[in-house]
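**Q** Numbering (the numbering used here), first residue to last: 8 to 340.
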Ligand code: B12
């Protein structure tokens, strides 16, 4: 594998232009294998190469630099799921860090300056422990993370990459369904505790009058998105009504009225049709008919919602990421 600093030199050596480098050359320059690179692009969009007229991928020098760094860091023990969203600068910083004698990143030396390493260590430990069904070690890591990291960092830098990584490993057959369920159940408890510990009364000064209810549609058991969103709502001083997942639409509309809710946050996972109790569009459409008109709908998740689902003209926003929702919440909606 080549040093990133030498990418410029390599372009010269390989007699390629700094733009429009083809995939075979990228493979030679960085040492990555072609299938892995394609998978990373598909799953994580680590780079989005230009395309030649015949559809061939054409990489820029910057792409090659990023790929080279990612490949190097993955070989050092980092998980691609965590690295994928990092800037080039952050990747370079990580590249300069050292492994300790046990092959783990040394977080003690420079912990204040390198908080990102802590999340990485916890993430690696949790995945490794899950492989061995070592529940105690997972619990320990989660508890330690709670002391070391802010709730926001726990969400964005530990839990989200962890769930992504677990999902990929389950679909690749590297983790079993029982391991996925096991981890889900532990995470559910930890995040539930974290949510409860953020009592709105601790945030009295920040508390604004907006009331937010969180749930998923009937039949959808994916609750992490709304649990994470509920934690963020509390951090930003909203009064939260966390109903958990799997809500029938009629009862949800009733709860909105009863608690005088200002906004509903809905997680809309993309379920296979045969597993769906009701489609996301139908659910939103029915809720639109039943819920008081002043209530905003704030949604996220991979399920498609038809543009015509909302007929009342109410405010309906769909967020691509939890982080986007947080930005919205931090502006007090
Ligand atoms: C944990 C999990 C489960 C757990 C849920 C436990 C629980 N208490 O929540 C269990 C084991 C129960 C489960 C069951 C199933 N699951 Co599942 N599950 C997952 C997993 C690993 C994580 C999902 C998650 O919570 N992520 C956390 C959220 C926040 O992150 P995210 O999904 O990446 O969402 C991003 C954006 O979409 C957005 N976002 C998403 N939701 C929201 C909501 C809001 C409000 C906002 C603002 C943003 C937002 O923000 C995130 C980025 O910041 C994913 C795999 C994966 N890689 O995602 C599969 C996955 C979601 N499951 C899947 C499937 C198919 C199922 C099952 C049908 C499996 C089966 N054959 O039985 C069942 C369905 C059960 C049901 N009826 O709901 C598929 C969905 C496939 C698809 N069409 O996209 C996935 C993607 C796995 C896969 N690759 O096949 N699952």
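Backbone N, C-alpha and C fix where the C-beta goes; we use that ideal spot for every residue, glycine too.
Would you kindly work out how many angstroms separate the C-alpha atoms of residue 132 and residue 279, rounded to a whole number?
**A** Each residue's Cα considered, the two are about 32 Å apart.
**Q** Is the region 309-322 touching the region 240-259, taking contact as three or more C-beta pairs under 8 Å?
**A** Touching, no.
**Q** Given a threshold of 16 other Cβ atoms within 10 Å of its Cβ, counted over all protein chains shown, does residue 196 qualify as buried or as exposed?
**A** When all chains shown are included, residue 196 counts as exposed.
**Q** Three-state secondary structure (DSSP) at residue 171?
**A** Helix at residue 171.
**Q** Could you give the C-beta distance for residue 294 and residue 259, rounded to a whole number, given that I count them as a contact under 8 Å?
**A** Right, their Cβ atoms sit about 6 Å apart.
**Q** Given a cut-off of 8 Å on the beta-carbon distance, is the pair residue 28 and residue 77 in contact?
**A** No, they are not a contact pair.
**Q** What's the gap between the Cα of residue 286 and the Cα of residue 72?
**A** Whole-angstrom Cα-Cα distance: 43 Å.
**Q** Here's a check: name, in chain order, each residue in its chain whose Cβ is nearer than 7 Å to the Cβ of residue 58, leaving out the five neighbours to either side.
**A** The answer, listed in chain order, is 64, 65.
**Q** Do you know how far the Cα of residue 297 is from the Cα of residue 318?
**A** C-alpha separation (whole angstroms): 11 Å.
**Q** Taking the C-alpha atoms as reference points, what is the distance between residue 219 and residue 338?
**A** Looking at the two C-alpha atoms, the distance is approximately 15 Å.
**Q** Going by the beta-carbon positions, is the gap between residue 165 and residue 142 smaller than 8 Å?
**A** Contact: no.
**Q** Taking 7 Å as the cut-off, is the C-beta of residue 56 nearer than that to any heavy atom in the ligand B12?
**A** No, since every heavy atom of the ligand B12 falls outside the 7 Å radius drawn around the Cβ of residue 56.
**Q** Bridge partners of residue 65, per DSSP?
**A** BP columns for residue 65 point to 29, 57.
**Q** Tell me where the alpha helix (DSSP H) around residue 326 begins and ends.
**A** It is not in any alpha helix (DSSP H) - residue 326 instead sits in the beta strand (DSSP E) that spans 323-326.
**Q** So is residue 94 buried or exposed if we call it buried at 16+ other beta carbons inside 10 Å?
**A** So residue 94 counts as exposed.
**Q** For residue 54 and residue 257, I'd like the C-alpha separation in whole angstroms.
**A** Roughly 44 Å between the two C-alpha positions.
**Q** Going straight from the alpha carbon of residue 261 to that of residue 272, what length do you get?
**A** About 15 Å.
**Q** With DSSP collapsed to three states, give me the class of residue 276.
**A** DSSP places residue 276 in coil when its eight states are reduced to three.
**Q** Verify the contact flag: residue 173, CB atom, against every heavy atom of the ligand ZN, threshold strictly below 7 Å.
**A** Annotation note on the ligand ZN: not contained in the displayed structure, which lists the ligand B12 as its ligands.
**Q** Based on the DSSP output, what are the partners of residue 307 in its beta bridges?
**A** Paired residues: 274, 326.
**Q** Using alpha carbons as the reference points, say which of 128, 103, 228 lies closest to residue 84.
**A** It is 128 whose Cα lies nearest to the Cα of residue 84.
**Q** Could you tell me if the beta carbon of residue 279 falls within a distance shorter than 7 Å of some heavy atom in the ligand B12?
**A** Yes, the beta carbon of residue 279 sits closer than 7 Å to at least one heavy atom of the ligand B12.
**Q** Taking DSSP as the reference, what is the three-state secondary structure of residue 312?
**A** The answer is coil: DSSP assigns residue 312 none of H, G, I, E or B.
**Q** Use the C-beta contact count for residue 154: other C-beta atoms within 10 angstroms, 16 or more gives buried, fewer gives exposed.
**A** Flag for residue 154 reads exposed.
**Q** With respect to the alpha helix (DSSP H) encompassing residue 246, which residues constitute its N-terminal and C-terminal limits?
**A** No alpha helix (DSSP H) contains residue 246, which is instead part of the beta strand (DSSP E) from 246-249.
**Q** By DSSP, does residue 218 sit in helix, in strand, or in coil?
**A** If DSSP states are grouped into helix, strand and coil, residue 218 belongs with the strands.
**Q** With burial defined as no fewer than 16 other Cβ atoms inside 10 Å of the residue's Cβ, what is the status of residue 276: buried or exposed?
**A** Burial call: buried.
**Q** Helix, strand or coil: which one does DSSP assign to residue 37?
**A** Helix.
**Q** Which two residues bound the contiguous alpha helix (DSSP H) that contains residue 296?
**A** 287-297 is the extent of the alpha helix (DSSP H) around residue 296.
**Q** To the nearest angstrom, report how far apart residue 292 and residue 299 are at their CA atoms.
**A** Straight-line Cα distance between these residues: approximately 13 Å.
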